[in-house]
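For the protein sequence lines, the chains are A and B, in the order given. Residue numbers for the first sequence follow the numbering used here, beginning at 1 and rising by one. Residue numbers for the second sequence follow the numbering used here, beginning at 1 and rising by one. To start, the structure under review is shown below, and the notes come after it.
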Amino acid sequence: MSQPLSLDAIGLPGRRHEQWRWTDLSAIDAALAGHANDAAPDPRGWLIDGVAGPVLLFVDGRYCAAGSDPQQLTIETSGGDEAHVLSRLTRGAVGATLRLGAEHATRGPIQLVHVATGGPAHLHHRLSLAVDAQASIVETYVGAPDSWTNVAVDVDLATGARLMRTVRRLGAGGVHTETLHAGVGQGASYMSTSLLAHAENVRIESQARLHGAGAFASLDGILLGRERQTYDVVNRITHDAPGGSSRQTWRSVADDQSTLSFAGKIEVARPAQQTDAEQSVKALLMTRTATVNSKPELEIFADDVKCAHGATVGELSKDALFYLASRGVPPAEARALLTESFISDALATVGEELVRAAVTADAVGWLRGAA
Amino acid sequence: MARNQEALAAVDEATGTYKWGFSSDIESDFAPKGLNEDVVRFISAKKNEPEWMLDWRLKAFRQWLKLESPDWAKLQIAPIDYQDAYYYAAPKAKPTLQSLDELDPEIRRTYEKLGIPIEEQKVLAGVEGARKIAVDAVFDSVSVATTFREELLRAGVIFLSISEAVREYPELVKKYLGMVVPPRDNYFACLNAAVFSDGTFVYVPKGVRCPMELSTYFRINAANTGQFERTLIIADEGSYVSYLEGCTAPMRDENQLHAAVVELVAHDDAEIKYSTVQNWYPGDAEGKGGIYNFVTKRALCAGKRSKVSWTQVETGSAITWKYPSCVLSGEESVGEFYSVAVTNNRQQADTGTKMIHLGRNSRSTIVSKGISTGRSNNTYRGLVRVGPTAEGVRNHTQCDSLLLSSDCGAHTVPYIEVRNPSAQIEHEATTSKISEDQLFYAMSRGLNAEEAVALIVNGFCREVLQQLPMEFAVEAQKLLGISLEGSVG
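Below you can see the structure in the form of C-alpha cells.
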C-alpha cells in the first residue's frame, strides 16, 4: 500500500466516532513531512543491561542485523491488516516474528528496540506460542520530534501458553500508535505492561479475546503526560469462554496542558460464565490545565460473573503532603514520593526483576524531571 | 368518539377556551397524518398560541429536518417512519371496553396486584362510561384541581398546563422555554420543540416552599397530554418544590413514539425534587408493540447552593432512551441522580445521567441500579464532566447491575472528563446475580421463589427507593415485583 502523505489521507475516524472521541493524532502531519536522520544513534544504548535473551534492533522501521541476535525469532514482512485503519499501514513493513513451541524456550526475555529519527515508521510483530510455551518480551520504542512509530502486534496463545509483554515509550517527541490483537486460548495467559511517555500523541488500541476456558489477560499501563501531549488508550477485553479472568490497572499523571484518556471495555459473552474481570483506573491531575478522561465500560451478557471497575480522578492528598512536610521532606520530594507510589500499582505484574527495575527507573526519571 | 368529546369538554372547562368548535367539527381536531410545517402550524393554531410560539416551533422543525437520529445508544431500534404518525391528538381512540371483563386478563391481574381501586382500573383501561364516575369518585379532577389550584395560588405557585402558561404568563415562558434544552439540542428534543402537545408549567416564587407534592396525576388534562410532553419547572430563589411524574399502573396507549422534554431551573438556594415512575406498555413477551420512550430531561442549577434531585423508577417501555442531567453552574450547587431501571422480556433501556460541573464546590451523587432479566438489555450511560474553573468538585458514582437470567445483558458506559485537579471523582460499578444462598434462605423462611426475588431486588434498590416520596415508594416496590414476574423458576 502506498504511504499516505497527510493525516487526512489516512482517513482516521473523527471525533464523532465513540472510540475516537478523545483521540488527537495531529502531530502525524509533521511526522509525515519529517525525514529520517542518517546519523541514527546506536539502538543498543536502550537495551536493559543484564537481561540475557534474543535481541532485535530496528531503526526507522528497518531491521538492523548488526548488533541483533534474533535466535528463534525471524524478521518477516507484513501483509497488513485491512480491517484496521492503522494496522493497514503496516503492509510491507517488517517486524519480529516468534513461533515458539514449549520445548524451545528463549534463554531470557526477548529485547526489541526501535529507534525513530524522523518520518513515519511501521512495524508488525507476530508472536505465537504453541501449547505450554512461555516467552517474555520487552519492547522499547524511542521517539524523536517529527517521527511516527506505528506498530501492529498480533498475539496468538495456544492452550496453556504464557506471554508477558513490557512496552516502554522513551525518547523525545513524535507520535506513537499501536494496534494489538491478542487471542488467548484455554488456560493461557497474556500479560502486558506499558509505560507511555515522552510522545506528543499516543494512541494504543488493544483487543484481547479470551476464547479458551480459564484464559487470563492483564493489560496494565502508566500514562505520563506533560506540555500539550495527548494520549489515548482504548482497551477491549472480550470474554468468550467460561471461567476466564482479566485485570486492567492503569495509572495516569497529567501535568501542564496534557490530556490523558483511557477507555477500557470488558465484554462478557453469553457462554462466558464465571468470568472474573476487574478494572482499576486512577488519574492524578498535577495542574489545573491538564485533562483526564476515563470510560470504564462493561458489556455483560452472562449472569454468573464478577465484574468490577473503579475509576478515580484527583490530586495528591493534601493530608499526605502535610504529613511528609511535617516529617521534614521537602515539598518537591514529597510530591515525587507520593506520585511514585501512586503509579507503582500498575507495575506489579512485570515478572522479571531487572525489567521492572528498568521500567520503574524510566517512570521515576520522568517524574523527577517534572518536579 | 364519546370519550374524546368528554375529554375535550374537560379541557374546555379547565382552560376556559375553545368554547366552540370542538363538538361540531371534531374531525378537524386531528392533524393529518405526517409531519410538515402545516402540521406544526395546525398544532400551534389549535392551541391558540401567539406568533412567537409558532415561530419557535417552526424554527425547531426546520432544524429537525437537518438532524439525524442518534445511533450511539446501545439500542436496536427499527427505523421509525415519522411521516406515518399523527402529531396532534390520537385519532386511533383506544378501543372502548364495555366492562372490565373484556380487559386483557394479564393487565387486570397487574391492576389487582398493585391494589388499584376498581373504578380507577376502569379509567386506566378505558372502559366506556367509567370516566365520569372515576373523575368524581377517584380523581374528582375538576374539584381536586380547583381546590389545589386555589391553595397553590395562595402560596403564589403557578401550576398550569404549558399551553395555558403560554397564554397567561408569556414572559415567563419566553424567558425559560428552551433555556436548558434548546430546540437544537438533540434529534428528539428538536422534534418535541416543533410538535409538543402539552405538558406542565410550574413556577415557584422566591422563598416559597410549595405546600404539596405536585403531580401530573392531579392535573385535569393530564390524560390527554399525549406523546410529546413538555415540562418546565422554575424554582426561584430559596424555594422548594417536589414534582411527581407518571403513574405506577400500566397505561394503555396506542402511541408508539414518545419524545418528552423536561427542563428544570433552580435559582439561588432553590431545590427541585423530580420523581418519575415510568411504566408504559413494554410490549409483549416477544417484544411486539411497546412504547418507544425518548426523553430529554435536564436541570440547570443556575443559582448558588441550588439543588436538583432526579429519582426515577423505569420499568416500562419497549425502548427507553433517557438521561436526566444536571448542569451545575451555581457555586456549591448539588445534583443527584437515583435510578432503578428494570428490563424484562425484550425490553431495551439505555439510561443514565450527565453531571456537568461548572460551579465551584459543586457536588453530585449518582446511584444507578440496573436489573435485567428475560432477554432484555439494560445499559447505564453517564457522563461526569468537570470544567477547568470548577474548584473543589466532588462526585461519587455507583452503578450496580443485577442479572436475573442467562439471556439478558447489563452494560455500563460511564464517561469521566476532568479538567480541574481539585476534583474528587469516584466511580464504582459491580455486576452480580442473586445468589442461590440468598434465595434458599428467603424461601426457607416461607417465601415462594417470586416473592424471594422481589424481596432481594427491593433490597438491592433500597438506596434509590428511599428517595421517592412515601406513597410512590410503596407502589414502586410492588411494581418491581410485578415487573420481574416470570423471571425465576
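Glycine included, C-beta positions come from ideal geometry on N, C-alpha and C. Remember, it's a predicted structure, so these values are computed and weren't measured experimentally.
List, in order along the chain, the chain A residues whose C-beta lies closer than 8 Å to that of residue i?
| i | result |
| --- | --- |
| Q347(B) | Within chain A, no residue comes near Q347(B); the closest Cβ sits about 15 Å away, beyond 8 Å. |
Measuring only the C-alpha atoms, how far is residue i from residue j?
| i | j | result |
| --- | --- | --- |
| K354(B) | V386(B) | 11 Å |
| A93(A) | T77(A) | 6 Å |
| N224(B) | E299(A) | Low confidence applies to N224(B): its pLDDT is 41, below 50, so where it sits in the model is not reliable, and the reading given next is rough at best. C-alpha separation (whole angstroms): 39 Å. |
| A66(A) | L123(A) | 18 Å |
| P91(B) | F472(B) | Caution applies to P91(B), whose pLDDT of 37 falls short of 50 and renders its modelled position unreliable; the model cannot decide the point. |
| Q72(A) | L100(A) | 8 Å |
| L98(A) | L127(A) | 5 Å |
| E68(B) | W321(B) | 16 Å |
| I26(B) | P32(B) | In this predicted model, I26(B) has a pLDDT of only 33, less than 50, meaning its place in the structure is not dependable; the value taken from the coordinates is given anyway. One C-alpha to the other measures close to 13 Å. |
| I162(B) | A182(A) | 57 Å |
| L404(B) | L367(A) | 47 Å |
| Q63(B) | Y380(B) | 29 Å |
| V265(B) | S483(B) | 33 Å |
| N4(B) | F301(A) | Low confidence applies here, because N4(B) scores a pLDDT of 47, under 50, leaving its location unreliable; read the following figure in that light. Whole-angstrom Cα-Cα distance: 45 Å. |
| I233(B) | Y323(A) | 48 Å |
| S516(B) | R251(A) | Residue numbering for chain B in the displayed model covers 1 to 489; residue 516(B) lies beyond these limits and cannot be assessed. |
| A222(B) | N293(B) | With a pLDDT of only 37 at A222(B), under the threshold of 50, the placement of this residue in the model should not be trusted; the figure read from the coordinates follows. Cα to Cα, the separation comes out at about 17 Å. |
| D154(A) | Q273(A) | 26 Å |
| Q278(B) | M179(B) | 25 Å |
Is the Cβ-Cβ distance between residue i and residue j less than 7 Å?
| i | j | result |
| --- | --- | --- |
| G330(B) | A302(B) | yes |
| W148(A) | I28(A) | yes |
| V85(A) | L12(A) | yes |
| Q111(A) | L47(A) | yes |
| P120(A) | A31(A) | yes |
| V40(B) | A165(B) | no |
| L244(B) | E213(B) | yes |
| S325(B) | S368(B) | no |
| V350(A) | T166(A) | yes |
| A495(B) | C399(B) | Residue 495(B) lies beyond the stretch modelled for chain B, which goes from 1 to 489, so this question has no answer here. |
| Y517(B) | L35(B) | With chain B running from 1 to 489 in the structure shown, residue 517(B) is simply not present. |
| S246(A) | I237(A) | yes |
| L328(B) | S362(B) | yes |
| G79(A) | A116(A) | no |
Excluding the 5 residues preceding and the 5 following residue i in the sequence, name in chain order all residues of the same chain whose CB lies nearer than 6 Å to its CB.
| i | result |
| --- | --- |
| G185(A) | L157, A158, T159, G212 |
| P95(B) | Per-residue confidence for P95(B) stands at a pLDDT of 49, beneath the threshold of 50, marking its modelled position as unreliable; the derived number appears in the next sentence. Correct list: empty, nothing qualifies. |
| T177(A) | L86, N150, R203 |
| Q477(B) | N458 |
| V313(A) | A283, V292 |
| R209(B) | Y240 |
| V173(B) | A165, V166 |
So, at 8 Å on beta carbons, what are the nonlocal neighbours of residue i in its own chain, with the 5 sequence-adjacent residues on each side left out?
| i | result |
| --- | --- |
| A406(A) | Outside the displayed span of chain A (1 to 371) sits residue 406(A), for which this structure offers no information. |
| E271(B) | A235, S239, Y240, V241, S306, K307, V308, S309 |
| D407(B) | G374, R375 |
| R184(B) | A60, Q63, L67, C190 |
| P271(A) | D240, A241, P242, A302 |
Interface residues of chain A around residue i at Cβ under 7 Å?
| i | result |
| --- | --- |
| A318(B) | What A318(B) touches in chain A: nothing, since even the nearest Cβ is about 19 Å away. |
Please go through the same chain and pick out, in chain order, the residues whose beta-carbon is closer than 7 Å to the beta-carbon of residue i, but skip the five residues on each side of it.
| i | result |
| --- | --- |
| T106(A) | G53, P54, Q71, Q72, A135 |
| V181(B) | A189, V261, E263, T296, R298 |
| L347(A) | T193, R356, V359, T360 |
| L5(A) | L32 |
| E227(A) | D256, Q257, S258 |
List the residues of chain A whose Cβ lies closer than 9 Å to the Cβ of residue i, in chain order.
| i | result |
| --- | --- |
| T430(B) | K306, C307, A308, H309 |
| P388(B) | R288, T289, T291 |
Give the interface partners of residue i over in chain B, defined as CB-CB distance under 9 Å, in chain order.
| i | result |
| --- | --- |
| E299(A) | K74, T379, G409, A410, H411, T412, V413 |
Which chain B residues are close to residue i, counting only those with a beta carbon under 8 Å from its beta carbon?
| i | result |
| --- | --- |
| D303(A) | L403, L404, S405, S406, C408, K433 |
| R270(A) | S406, D407 |
Which residues in chain B sit within 7 Å of residue i, going by Cβ to Cβ distance?
| i | result |
| --- | --- |
| E205(A) | Neighbours of E205(A) on chain B: none; closest Cβ ~18 Å, over 7 Å. |
Contact set between the stretch 402-426 of chain B and chain A, restricted to residues whose Cβ is under 8 Å from the partner: Residues passing the 8 Å Cβ filter: L403, L404, S405, S406, D407, C408, G409, A410, H411, T412, V413, P414, Y415, I416, E417, V418, R419, N420, P421, S422, A423, Q424, I425, E426.
Can you list, in chain order, the residues of the stretch 286-298 of chain A whose Cβ is nearer than 9 Å to any Cβ on chain B? Result list: M286, T287, R288, T289, A290, T291, V292, N293, S294, K295, P296, E297, L298.
Using a Cβ-Cβ cut-off of less than 7 Å, list which residues of the stretch 312-325 of chain A approach chain B; keep chain order. So the close ones are T312, V313, G314, E315.
Under 8 Å (Cβ pairs) to chain B, residues found in the stretch 12-27 of chain A: Hits within the stretch, in order: E18.
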